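Residue numbers for the sequence shown follow our numbering, so the first one is 1 and each next one is one higher. For glycine and all other residues, C-beta sits at the position ideal for the given N, C-alpha and C. For clarity, every value in this text was computed on a predicted model and none was experimentally measured.
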Amino acid sequence: MQNVGFLCHYLFGNGSAQYVFLDVGNDGSVSLNRPLSFSVEKSAHVCASCNGMLLFSYNCSGDNLLSFHVFNISAHQYVSLPQLPYITPRIITHGLAFDGLHYQVVLVFSSPQGEEASTSSGSAGGHGGGGVIEMEIFSSETGKWRHHTTMIPLPPYLPKLSTPPLFSNGSIHWELGGYLLVYNIQSAHSELLQLPNHSQNWSWRSMTFGQCLWESDGRVHYCYTDYQGIQTWVLMNRQDHDYYSNNYNHDRQKFKWKLAHTVPHQILLSQNPDIFLRLGQTHHDFSEWKPYYISPYASLEDSQIMYLRLPGIFAAYNLRTGTLKEVCNYSFPNTNFYCCSFFPVVYCQKGNAEMGNIRSDGERGAVINLPVADVLLLCQNSKAKGCSSSDS
């Protein structure tokens, strides 16, 4: 049986972390899955999630060399991948694809020419402005990395990337500096598509926040917040292009997206005023609403519910009924509400000798409070064989 839910990565000030799993009900409510949840003494970065597997990265030795680990959620087992020290400074983003039998890990990085160009131009994020996109791909079938050069030029501007990748329809999708990078696992074909919020001329009205990707009805969706509200677009398929070509003067190369829905900020704030009133009362810095206070995080597959993060609050917005409901809250120091991140996950629910019967604790629909006081530290001597966070 497959469960859908969220992994909450809560980072403490001392570098330790909790990884808390939340199961999602049909009505969008959540409940704590205590047997799957754990904590570690040294936090590892969650890079990607795919079909019951997680990809973590960890700075093991403190010398800026990253190690990567694939974690099986249901079995609580991990595999450490061979290190690639020569590309660590040039890594842009990461991806994970798992078909139920084998997995692939993809590291996207800049060519040496791109690194030199970005250094001289001072691009944010340390990449962009020259060179091409390259990849290192690890296959669980071979147990080895292989190099792949896409010949796709790097976008000229690469801000710090925080949008989790999406594996959909056999391809990994990344948000990459105003573009969507798509890599097909079977054919090794790559392409770079312009995103609907891409803008050549920067202005405050063109600024977007909290971008995310998800799949619904087998379609790739791209969602973000701007000064008007929350915008969701769908990547058009062949049937869409045929329809628009037959009925309109349609340029297939230029128009790749169609607008799915818009939720204006005023509408959202009116659906549950108590949430925003309480936020302003408890945190004076958030008494005046700003568009970047809200970030769309996911809309679980084939669901009409969009999940949003606000400062200290994780909420579910029902697109059909227009209702906004708090499902989780978390404490945060000062104004650092980024200490808690959420990742959509899918995993198998089954009993085994090590984990027992995996089930959710607590009443469905009750608001979950993070961090969880009694989540156990994942035992390092039984799980870790090297770095203390490779157990994650």
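Next item on the list: Let me know the secondary structure DSSP gives residue 280 once reduced to three states.
Entry: helix
Notebook entry, point to check: Nearest-angstrom Cα distance between residue 392 and residue 242?
Noted result: The predicted position of residue 392 is uncertain, since its pLDDT is 35 and thus under 50; a value taken from the coordinates is nonetheless stated next. Using only the alpha carbons, I get a separation of about 46 angstroms.
Check: Among residues of its own chain, excluding the 5 on either side of residue 188, which ones have a beta-carbon nearer than 7 angstroms to its beta-carbon?
Finding: 148
Margin query: Quick check on the DSSP output: the alpha helix (DSSP H) that includes residue 331 runs from which residue to which?
Written below: Here residue 331 belongs to no alpha helix (DSSP H), and DSSP marks it neither H nor E.
Notebook entry, point to check: Does the stretch 154 to 170 touch the stretch 38 to 55, meaning 3 or more C-beta pairs lie closer than 8 angstroms?
Noted result: yes
Margin query: Am I right that residue 73 and residue 292 are in contact with their C-beta atoms under 8 angstroms? What's the rounded C-beta distance?
Written below: No, residue 73 and residue 292 are not in contact; Cβ-Cβ is about 31 angstroms, not under 8 angstroms.
Next item on the list: Please list the segments of the beta strand (DSSP E) lying wholly inside the stretch 301 to 326, counting only runs of 3 or more residues, in order along the chain.
Entry: 305 to 310, 313 to 318
Next item on the list: For residue 90, name the three-state secondary structure that DSSP assigns.
Entry: helix
Next item on the list: May I ask you to verify whether the stretch 218 to 228 touches the stretch 249 to 264, counting CB pairs closer than 8 angstroms and requiring at least 3?
Entry: yes
Check: Just how far apart, CA to CA, sit residue 289 and residue 85?
Finding: 44 angstroms
Check: Out of 247, 106, 174, 178, which has the shortest C-alpha to C-alpha gap to residue 220?
Finding: 174
Checklist line | Minimum C-alpha distance to residue 37 - residue among 327, 19, 268, 183 | finding: 19
Notebook entry, point to check: Any idea what DSSP makes of residue 353, helix, strand or coil?
Noted result: Note that residue 353 scores a pLDDT of 36, beneath 50, so its modelled location is shaky and nothing firm can be said.
Notebook entry, point to check: If we ignore side chains and look at the alpha-carbon of each, how far apart do residue 334 and residue 12 end up?
Noted result: 13 angstroms
Note to self: Give me, in chain order, the residues of the same chain whose beta-carbon lies closer than 8 angstroms to that of residue 257; leave out the 5 immediate sequence neighbours on both sides.
What the structure shows: 195, 196, 222, 233, 234, 235, 236
Checklist line | Residue environment, residue 366, which counts as buried when at least 16 other CB atoms sit within 10 Å | finding: exposed
Notebook entry, point to check: Quick one: what's got a C-beta closer than 7 angstroms to residue 182's C-beta in the same chain, skipping five residues either side?
Noted result: 171, 173, 190, 191, 193
Item checked: Three-way DSSP call (helix, strand, coil) for residue 337 in this model -> helix
Item checked: Cβ contact (3+ pairs, closer than 8 angstroms) linking the stretch 63 to 71 and the stretch 151 to 159 -> no
Notebook entry, point to check: When burial is assigned at 16 or more other CB atoms within 10 Å of the CB, is residue 26 buried or exposed?
Noted result: exposed
Margin query: Can you look up residue 81 in the DSSP assignment and give me helix, strand or coil?
Written below: coil
Note to self: Between the alpha carbons of residue 111 and residue 80, how many angstroms are there, rounded?
What the structure shows: 25 angstroms
Next item on the list: Determine the closest residue to residue 211 out of 239, 184, 179, with distance taken between C-alpha atoms.
Entry: 179
Next item on the list: Return the first residue and the last residue of the alpha helix (DSSP H) that residue 267 is part of.
Entry: 265 to 271
Checklist line | Beta-carbon spacing of residue 322, residue 271 below 8 angstroms | finding: yes
Item checked: Neighbourhood of residue 275 by C-beta distance below 8 angstroms, restricted to the same chain and skipping five residues each side -> 310, 313, 315, 324, 326
Margin query: Quick test of your reading: residue 141 and residue 102, contact by CB under 8 angstroms. State the CB separation rounded to the nearest angstrom.
Written below: 5 angstroms
Note to self: What residue range does the alpha helix (DSSP H) around residue 240 cover?
What the structure shows: 238 to 247
Notebook entry, point to check: Can you tell me where the beta strand (DSSP E) with residue 289 in it begins and where it stops?
Noted result: That residue, residue 289, is in no beta strand (DSSP E); it is neither H nor E in DSSP.
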